[in-house]
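For the sequence shown, the numbering used here assigns the number 178 to the initial residue and increments by one for each residue that follows. Where a beta carbon is used, it is the ideal one built from N, C-alpha and C, also for glycine. Worksheet: the structure to be examined is printed underneath.
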Amino acid sequence: MAPKGLKHICTMACGSCSNENAFKAIYIWYRTKERGGSVDFTQEDIDSCMVNQAPGCPSYSLLSFHGAFHGRTMGCLATTHSKPIHKMDIPSLDWPIARFPLYKYPLEEHVRENQEEDRRCLEQVEELIHKYNSLGKPVAGIVVEPIQSEGGDNHASPHFFQQLQQIGKRTGAALLIDEVQTGGGPTGKIWCHEHFDLPEAPDIVTFSKKMLTGGYFCKEEFRPPQGYRIYNTWMGDPSKVLMLKEVVNVINRDRLLDNVNETGDVLYKGLATLEQRFPQHIDSLRGRNRGTYIAFDGNTGAKRDAIIGKLKQQGVHTGGCGDKTLRLRPALIFQPHHAHIFLDKLETVLTGL
């Protein structure tokens, strides 16, 4: 179950606390590097950290992306940029925020534009890291979702993620991939980042939701050298780990990832047909070869909301995200015949708009 190359795990209870504590692991790793690998604290470190001052509490930052959602705790909220209501009235941190690729669809008809979009976004990432480093707020890590979910089901290419990892290597920033929503199989692989052919594992991968409990996998160097630095009352829920073990057994026994890929193919092809028939209502279908992790846009936010409402009247529950996106999140046991039922009901709704 562990992502390839990540042999260490820290369990938590939810997505927010998984990310929050993974952030802390990044900071501890970064500061340990600055100390030359020494784990000895100076008296100045000890005294200053107790009053929230440097050097004990250094002014590090994390780079996140516009449209991201990483949680609602204080650190996570500083990296969350999907809905104003999440952040309103809550003090936050001055950390860099880069543009996440926003592609034109169909992908095969906009190759050049989307490659240019990747280039612009990656260039901005590197510029922001250098800017914040020069401001005395070194970027200790890059935090990114493999698919921006709450922000509108925004996808980026394998090339984008490969280059993002290389930027982190060049600048000394860790790469954290937040798989809280995508982990557990909905994209046709247990971990969505497996689709990206990264030259090596991310430094940290966080998880929750379909994984029943929360936590993060990490490389050995991100395990704090002292105990008690990342800790809480329950450290996740051990009973949920036992349940997860049985879930994994069922995924393997019933070949549910194969089912997700087969069903996703049926779903995507059917939606592509409906997109061609009803361009006045829906567009920007995305999620090909990503299992059932599929979404499309309504022409407007109001149109999207109308489709969701009318589908609910047909007994179908879908969700909205971003400004005008309708996203699909079926269970791993959702099968091709279920996909056909959904497509028939969606056709009925679109015909009646």
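The segment 443-459 and the segment 339-350 do not touch, with fewer than three beta-carbon pairs separated by less than 8 angstroms.
Sequence-distant Cβ neighbours of residue 389 in its own chain, meaning closer than 6 angstroms and more than five residues away, are 417, 420, 421. Our two residues, residue 502 and residue 396, have alpha carbons roughly 35 angstroms apart in a direct line.
When 451, 436, 318, 326 are compared, the shortest CA-CA separation from residue 200 is found for 318.
Under the three-state reduction of DSSP output, residue 405 falls in the coil class, being neither helix nor strand. Look at the beta carbons and you see the segment 237-251 touching the segment 266-285: at least three pairs across the two are nearer than 8 angstroms. Out of 391, 497, 529, 415, the CA that lies nearest to the CA of residue 189 is found in 391. Sequence-distant Cβ neighbours of residue 440 in its own chain, meaning closer than 7 angstroms and more than five residues away, are 469, 511, 512, 513, 516. Going by C-alpha positions, residue 402 is about 22 angstroms away from residue 180. DSSP, read as helix, strand or coil, puts residue 357 in coil. Contact annotation: residue 259 and residue 322 have beta-carbon atoms that are not nearer than 7 angstroms. For residue 254, the closest alpha carbon among the candidates 227, 194, 413, 230 is that of 194. About 4 angstroms separates the CB atoms of residue 509 and residue 433; that is less than 8 angstroms, so the two are in contact.
Proximity to residue 442 across 462, 456, 530, 220 peaks at 462, based on C-alpha coordinates.
When rounded, the separation of the alpha-carbon atoms in residue 409 and residue 438 is 38 angstroms.
When beta bridges are read from the DSSP output, residue 331 appears opposite 325.
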